[in-house]
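Colleague:
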Amino acid sequence: MVRFQSISLTLLCQILSPLLLLIFMIIIHPSYADEPLRGKDLVNEVCNHTSDYKFCVDTLFPSAASAPSATAGEIANTALRFAQVKATDARVLIASLLLKNSSSSTDRRLLQRCQLDNNKTIRELSSANDDLNSDSIDSMVDDLNNAANATRSCQDIIRETPFSSALDNKNIDVIKLCEIGVVSTKFFTIDDFT
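All letters in the sequence shown, in the order written, are residues -33 to -1, 1 to 161 by mature numbering (1 follows the signal peptide of the UniProt record, and there is no 0).
Structure representation (structure tokens):
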């Protein structure tokens, strides 16, 4: 009896092993895997992971980042470019405010400190752009975080000054755009590196 059970168990293993192997190969075969998110679906997913969904969607949907085939790399690039524009706008505004004679010496010193932070933001965004183009994603994330932190420093410096309202929106946009760039890297696929 034991011999019969041993033979039937061996026969069963010989039949099931190839069948299980075939099923396993079909399940894990890459052609059956989910396609990576692209375009509007990807924009929605990235924006769902940011602190301001509405800002993210309003910023990315009118751009090429929401094209049907847009990748996470393209979303990161779009956010980075927009952040560079906003930081440059802030730079121009700070320079204009410094030229006005109506600022007190204290306000001028605060603006000059903010200007230094803004210069750092622009340098970090430029470095992030270089890192994105060379596929150094960890460095890009660090640069984007550094740019956002420098912008936050400027925000802290100018808080409750006569010119804070003029700079607030630009600085806040830079911070949010840096966040979008960082979040988008979590959705990078191999296609973003080719």
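Where a beta carbon is used, it is the ideal one built from N, C-alpha and C, also for glycine. Quick caveat: nothing in here was measured; it's all calculated off a predicted structure.
According to the Cβ coordinates, are A46 and L144 closer than 8 Å?
Modeller: yes
Colleague: Need the endpoints of the alpha helix (DSSP H) that S151 sits in, please.
Modeller: S131 to S151
Colleague: Between which residues of its own chain and K87 is the CB-CB distance below 7 Å, once the five residues before and five after are set aside?
Modeller: A117
Colleague: I need the straight-line Cα distance from N113 to E2, nearest angstrom please.
Modeller: Whole-angstrom Cα-Cα distance: 33 Å.
Colleague: For H(-5) and R119, I'd like the C-alpha separation in whole angstroms.
Modeller: Because H(-5) carries a pLDDT of 49, less than 50, the predicted location of this residue cannot be relied on, and the following value inherits that uncertainty. Their backbone Cα atoms lie some 46 Å apart in a straight line.
Colleague: Among the residues of its own chain, which have a CB less than 8 Å from the CB of D98, if the five just before and after it don't count?
Modeller: I104, S106, M107 and D110.
Colleague: Using 8 Å as the threshold, is the stretch 75 to 83 in touch with the stretch 14 to 29, meaning 3 or more CB pairs across them?
Modeller: no
Colleague: Which residues in the same chain have their Cβ closer than 6 Å to the Cβ of D159, if we skip the five residues on either side of it in sequence?
Modeller: Closer than 6 Å at the Cβ level, and outside the excluded window around D159, lie T38, A39 and G40.
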